[in-house]
Each structure stands twice: as structure tokens, then as C-alpha cells.
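Chemist: Using the working numbering, you'd call the opening residue of the sequence shown number -14 and step up by one each time.
Built from N, CA and C at the ideal position, the CB exists for glycine as well.
Note that this is a predicted model, so its numbers are computed, not measured.
Can you read through this structure? Questions will come right after.
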Amino acid sequence: MSQETAQDVSSPPLAPAPRSPWIISRAWDLVLFIATPLLILPLLWLWRQKSSPDLIYAFVTAFGATGHHLPGLMRAYGDRSLFRRFRLRFTLVPALLLATTLPLLFTELRQGMMVILVLWGFWHGLMQVYGFARIYDAKTRNHHPRTTRLDWLLCLSWFGVGLINSDGRVYQMLEALYQAGGPTLDPVWIDGFRNLWNAGTAVVTLAYILHLSKASSEGQSPNPLKLLTMAISFGYWWYAMVEVDNILYGIALFEIFHDVQYLAIVWVFNLKRVDGDPNVGSFSRFLFRRSGPMLGLYIGLIAGYGFLSNLQAQVTFPPIQNILIGLVWTSTLLHFYFDGFIWKVREKGTRAGLGISENGANDDSRPLTDGLLHASKWTPFVAAVAETDTRPVVGLGHLKYPWKIATAGTWRGPQHLVRVVPRYDHAHLTLGTRPLCRRKPGCSRQVARPRADTVRRRQCQSPLQPRTGQTLLKKTPNRPSVTTSALWNSPRSPTRPITLTLLSVRPTSR
-14 MSQETAQDVS SPPLAPAPRS PWIISRAWDL VLFIATPLLI LPLLWLWRQK
36 SSPDLIYAFV TAFGATGHHL PGLMRAYGDR SLFRRFRLRF TLVPALLLAT
86 TLPLLFTELR QGMMVILVLW GFWHGLMQVY GFARIYDAKT RNHHPRTTRL
136 DWLLCLSWFG VGLINSDGRV YQMLEALYQA GGPTLDPVWI DGFRNLWNAG
186 TAVVTLAYIL HLSKASSEGQ SPNPLKLLTM AISFGYWWYA MVEVDNILYG
236 IALFEIFHDV QYLAIVWVFN LKRVDGDPNV GSFSRFLFRR SGPMLGLYIG
286 LIAGYGFLSN LQAQVTFPPI QNILIGLVWT STLLHFYFDG FIWKVREKGT
336 RAGLGISENG ANDDSRPLTD GLLHASKWTP FVAAVAETDT RPVVGLGHLK
386 YPWKIATAGT WRGPQHLVRV VPRYDHAHLT LGTRPLCRRK PGCSRQVARP
436 RADTVRRRQC QSPLQPRTGQ TLLKKTPNRP SVTTSALWNS PRSPTRPITL
486 TLLSVRPTSR
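Quick look at the structure:
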């Protein structure tokens, strides 16, 4: 007996089991969080062979973009301890947002909210990638403060590069801004800002590489899965925003990736919470179980919630449609807002739900941020809404997409946007299809006539037209310039396209 005891005492202690760098497992992490675009691209390519990008975009935004708001709302209102901590935010803010967005829908200023949604959505998307970067580093206990800051700067820089170099996205934002009466931005300043951002991104990337090299030499190597996640996310974002010819199709491509990541991580998080947190609500305890039918119910509830977005597109009575749009906008803003503080990786509750050690975690009993500091973060939103609401609007009321300009008759939105994004086909198409304007000095007029053939015809998808052709911009000194050659669907026979050559006739200099 004494020999056995001596042998036990002299034997070295067992080494702790190595921590897994994966959130779920190798296969599931690659499918759901990291290499998901490799599955999305071929599936969307097959889908596009049978459906138009407009239909794909409508389906994804309805059942994906809107539907994936539900899990965050379930966390906010189903987690008892979380609701107690942020009761004021969860009760007051929804009412304020609905009261803000709904009146705008009954005015000519609704386009201003679209600019806010695009910019906040951009921020939301990059912060999700940043969140996954922090999760993977936390899995390997990498808590270097400089790494955290550089991760955030890298995400902001590369997502910004994809946004400002996307002709379609820039066109959408400026179009909405100008329709809401926003100030005209000089194309030279826009190009300068784009070049400055691109250069800044190169500097941040170089600084990040140097930091990784130094950290690795000090034995603080980052989780390679984090680097792979960021590299694939940045590349996929660039491809969806810049390389894809149709911006709506590009948005749908990235939205699917974003939604799959979000829905999967919320499911995994809640499974762990149900197993280890006695404060989980009864509904969450019922839904989040390791069961195929429960997973199906989870997806079904999300699709059902997304039907709200599809419903507003089917309603033709304007007041009811505006109310439904207001609800969708409020849901979107709440999703952006709630996700900014309910999934903090440094929180103990969040780390427990993700299977991360509590080293470096904050005490959940304290507010995430000081109340006044948190309230100050609403300043850009309030300022944007106030600016939109007080700006005078001048436009052509009979147009479906009227241009709001500060000084009537002196500035034309389509010409300006063509100067900003001269390579974007849809900008030229919009310019070419404007109604005839009055013949005033300096004013152009458009003439549309059928033509039997087109030059360099290339089918692509326009956000506002079912099918369009390659935009042509041919400039000849002292002659009218052909701005657009478009392949449209005939209104009488959608399957038989007709070709229109659109001329922009301008006064020539003598």
C-alpha cells in the first residue's frame, strides 16, 4: 500500500487537456462560420440560372435579412438577467425608434432613412466579423490589447474599402442622400476620400502584419482560424460589392453569409446557456434543445418573422404598407442596436455561452458602458434624422423616384452621379431614361428610339429594370453623345427583349 502511495506521489501530474480552437468542431466551423462562401457561390450561381437577381434579393432580404432579427430579440426579451440589466433600453428605445421612423414614411424624406440603414448595416456587418475574430482568439486565450485594437481597425478598413470602391453601393447611398435633399458632394472630394481610405487600409494592413510577426516571436500567436475567417470575409465582401455586376445580387451574396453565421452562433450559444444557466426562460429552454425538430422549429420561426418584410411588399394600400415598412425598419434598427451590446465577448455570460474561459471577463452585474456615454452614441443617428427632417426639399413630384435638389433648375442628380461613378452602367441608364426636361440653356434632353442591334451587348441586372445591356458612353467632339444602350423587356411580352438606344444631346461648344 505504501509503495502504491509513493508511486502515486512521485508520478507527475496530468497535463491539462488542450483547448480546442474551434467553436463547434472542425467540420461545422468551416461550413457555418469560415468557409461558408465556398458553398454559397455555387448554390447562388445555380439559383441565378432560374431566377432574376431581383427575386433572389427579395427572397434573401425578406426571409434572411429580416428573419434573422428574431434570435436577437429572443435573447433580449427572453434572457431574464439580461432584461433586468437593460430594462430601459429594451422598453424605451423600440418605442422611440418606431415614433421616429413611421412619420418619415408619410413624407418625401423617407430616403434619408435608407442612408442611415445602409451605413448602420455596414457597421453591423463588419462588427460581426470582428466578433468572430475575438471569439477565435479567446478560444486560444489570446487577450493582447493591441491585437484587439488592430483586429477592429483591420475590419473597419477592409469593409470600408469594399464599400467605397463599390460603384453600385456608392450610387445607392448618394441617390438616397440626394433624394432626401442632402448636400451635393463634389466628385473630386469623393475620389480623394476613396484614395485616402485605400492608402490608410494599406498602412493598417502593414501594421497588422508587423504586429503579428512581433507577437509570434513573443509566443503570443493568434488563432490561425481568426486570420482565415477575416481573410475570407474581406475577400468575399470585396467580391460581392465590387466584382459582381449587380449590386442587389452582391448584397444577397453577403447577406446569406452574414445570416448563416449569425443564426448558427446564436443556436450554439443558447444550447450552452440552457445546459448551464438556471435563469434561462421557459421558452428558450423549450426551443433550444439538441433535437432536429427543435432546430427545424427555430428555422421556421425565423422564416415566419421574415414574412413581415415580404408582406409589406404585397400590400398595395399605401397607409398600411407604410406602417408595415415602419415595423420592418424598426426591427432592423433594433437588431443593429441590440447586437451592439448583448453579445460582448468580454462579458461573463457571453463567454460561458460560447465555451470560453472567464479569464479577462467583465462582471455582468455592471453596465456595459456608462449611461451618458452610451446615450451619446445615439448622437449620429439623431443628428442624421434631424438633418433629414429639416432640410428643404425640391423635386418633381410626378416622378416615381423624384430628385430633391437644393436649387431647382441648377443641378441635376443623374448627371452628377454619372460623374461620381462613370463606370456604373445603371447611372448612365438612369441619365438616359429621364423624362424630357425643358429646353433651357445647359439642359440636356434625351431621345429614345428602337434599334435592331446593340454594340458590345452584355446582359447584366439593373436594380430598377428587369434586364439591361452594357452601358455605352461614346464621346465625339461637337457631336451628340450616345450615353446608354439598354436591353429592356418588352412590357407586352416580358420574354421578348427589345433594344433601345438612348441619346443624350447636349449643346456643343463652338
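Do you know offhand how far His411's Cα is from Gly153's?
Modeler: C-alpha separation (whole angstroms): 8 Å.
Chemist: Considering only the beta carbon of each residue, do Thr169 and Phe18 sit closer than 9 Å?
Modeler: Going by C-beta atoms, Thr169 is not nearer than 9 Å to Phe18.
Chemist: Between which residues of its own chain and Ser5 is the CB-CB distance below 6 Å, once the five residues before and five after are set aside?
Modeler: If we look at Ser5 and ignore the five residues flanking it on each side, it has no Cβ neighbours.
Chemist: For Gly285, does the count of other Cβ atoms within 10 angstroms reach 16, so buried, or fall short, so exposed?
Modeler: Classification of Gly285: exposed, given that the 10 Å Cβ count is below 16.
Chemist: Straight-line CA distance for Phe68 to Ser201?
Modeler: Phe68 and Ser201: Cα-Cα distance of roughly 41 Å.
Chemist: Can you look up His383 in the DSSP assignment and give me helix, strand or coil?
Modeler: Any answer about His383 is weak, because its pLDDT of 33 lies below 50 and its placement is not dependable; what the coordinates show is given next. Three-state DSSP puts His383 in coil, outside helix and strand.
Chemist: When the Cα atoms are used, what is the spatial distance from Ile217 to Gly63?
Modeler: The straight-line gap from Cα to Cα measures roughly 33 Å.
Chemist: Can you name the residues that DSSP bridges to Val265?
Modeler: Asp64, per the DSSP bridge assignment.
Chemist: Cβ of Met112 within 9 Å of Cβ of Gly325?
Modeler: Yes, the Cβ-Cβ distance between Met112 and Gly325 is below 9 Å.
Chemist: I need the DSSP call for Glu203, collapsed to helix, strand or coil.
Modeler: Coil.
Chemist: Of the residues Glu160, Ser198, Val188, Val146, which one's Cα is nearest the Cα of Arg179?
Modeler: Looking at the Cα atoms, Val146 is the closest of the given residues.
Chemist: Can you tell me where the alpha helix (DSSP H) holding Ser218 begins and where it ends?
Modeler: Counting along the chain, the alpha helix (DSSP H) containing Ser218 begins and ends at 209 to 223.
Chemist: Going by other Cβ atoms of all chains shown within 10 Å of its Cβ, with 16 needed for buried, is Ala184 buried or exposed?
Modeler: Answer is exposed; the Cβ neighbour count stays below 16.
Chemist: Just to confirm before moving on: does the CB-CB distance between Leu58 and Gly311 stay below 9 Å?
Modeler: No, these two residues do not count as a Cβ contact at 9 Å.
Chemist: What residue ranges within the region 127 to 204 form continuous alpha helix (DSSP H) runs of no fewer than 4 residues, ordered along the chain?
Modeler: Entirely contained in the region 127 to 204, the alpha helix (DSSP H) runs reaching 4 residues are, in chain order, 130 to 149, 152 to 164, 172 to 202.
Chemist: Can you list, in chain order, the residues of its chain whose CB lies under 7 Å from that of Ser316, leaving out five sequence neighbours each side?
Modeler: Thr51, His54, listed in sequence order.
Chemist: Could you check whether the region 188 to 203 touches the region 115 to 125, counting it as contact only if at least three pairs of C-beta atoms, one from each stretch, sit closer than 8 Å?
Modeler: Too few Cβ pairs lie closer than 8 Å, so no.
Chemist: May I have the straight-line CA-CA distance separating Ile250 from Val227, to the nearest angstrom?
Modeler: The alpha-carbon atoms of Ile250 and Val227 are separated by roughly 28 Å.
Chemist: Taking buried to mean at least 16 other C-beta atoms within 10 Å of its own C-beta, is Leu81 buried or exposed?
Modeler: By the 10 Å Cβ count, Leu81 comes out exposed.
Chemist: Can you tell me whether Trp252 is helix, strand or coil according to DSSP?
Modeler: Of the three classes helix, strand and coil, the one that applies to Trp252 here is helix, per DSSP.
Chemist: Span of the alpha helix (DSSP H) holding Val406?
Modeler: Val406 -> no alpha helix (DSSP H), and no H or E assigned at all.
Chemist: Do Gln246 and Thr85 have their C-beta atoms closer together than 9 Å?
Modeler: Not a contact, by the Cβ cut-off of 9 Å.
Chemist: Give me the residue from Pro130, Glu240, Arg126 with the minimum Cα distance to Gly106.
Modeler: That would be Glu240, whose Cα lies nearest to the Cα of Gly106.
Chemist: How far does the alpha helix (DSSP H) with Val103 in it extend, from its first residue to its last?
Modeler: Segment 95 to 124, the alpha helix (DSSP H) holding Val103.
Chemist: I'd like to know if the region 123 to 135 and the region 159 to 167 are in contact, where contact means that at least 3 CB-CB pairs between them fall below 8 Å.
Modeler: The region 123 to 135, when compared against the region 159 to 167, does not touch it at the 8 Å Cβ threshold.
Chemist: For Phe273 versus Leu339, is the C-beta distance shorter than 9 Å?
Modeler: No, they are not a contact pair.
Chemist: Please state if the CB of Phe323 and the CB of Arg74 are separated by a distance shorter than 9 Å.
Modeler: Cβ atoms of Arg74 and Phe323: closer than 9 Å.
Chemist: What is the C-beta distance between Phe48 and Ala237, in whole angstroms, given that I count them as a contact (C-beta under 8 Å)?
Modeler: Their Cβ separation, rounded to whole angstroms, is 11 Å, which puts Phe48 and Ala237 out of contact at 8 Å.
Chemist: What residues in its chain sit with their C-beta under 7 Å from that of Trp108, if we drop five residues either side in the sequence?
Modeler: Answer for Trp108: no residue qualifies.
Chemist: Going by other Cβ atoms of all chains shown within 10 Å of its Cβ, with 16 needed for buried, is Ile232 buried or exposed?
Modeler: So Ile232 counts as buried.
Chemist: Between which two residues does the alpha helix (DSSP H) carrying Thr317 extend?
Modeler: First-last of the alpha helix (DSSP H) with Thr317: 303 to 324.
Chemist: Give a yes or no on whether the C-beta atoms belonging to Phe271 and Ile25 are separated by under 9 Å.
Modeler: Not in contact: Phe271 and Ile25 (Cβ atoms no closer than 9 Å).
Chemist: Mapping the DSSP letters down to three states, classify Ser5 as helix, strand or coil.
Modeler: Residue state, collapsed to three classes: coil.
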